[in-house]
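Q:
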Amino acid sequence: MAGDHNHHENPNTSTMQAAVQEIRRLQAQMAATEAEKAQERERAKKAAQEEEDEGIVDSQPLA
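Numbers 1 to 63, taken from the working numbering, label the letters of the sequence shown in order.
1. Run through DSSP, which three-state label would A44 get?
2. Three-state secondary structure (DSSP) at N12?
3. Between P11 and A31, what straight-line distance do the alpha-carbon atoms span, to the nearest angstrom?
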């Protein structure tokens with residue numbers, strides 16, 4: 001069939017598929033990085049709260 005190109009893969013299709021795969025990989029990497037940063041912020045917040053709590057205990061007068 002002279003005009004039938006459906007059974008041959010367009011070279012642009014494989015390039016597009018590779019680009020989409022790379023975008024998805026980068027999105028997953030960014031999501032993992034953001035989750036790690038959120039965990040670090042939570043740990044820092046908890047450590048600061050514990051430090052503040054210890055400061056309150058230390059500053060109370062001994063009876």
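Note that the Cβ used here is the ideal one computed from N, Cα and C, for glycine as well. Since we're looking at a predicted model, the values are computed, not measured.
A: Quick answer:
1. The answer is helix: DSSP assigns A44 an H, G or I state.
2. N12 sits in a helix when the DSSP states are folded into three classes.
3. Each residue's Cα considered, the two are about 31 angstroms apart.
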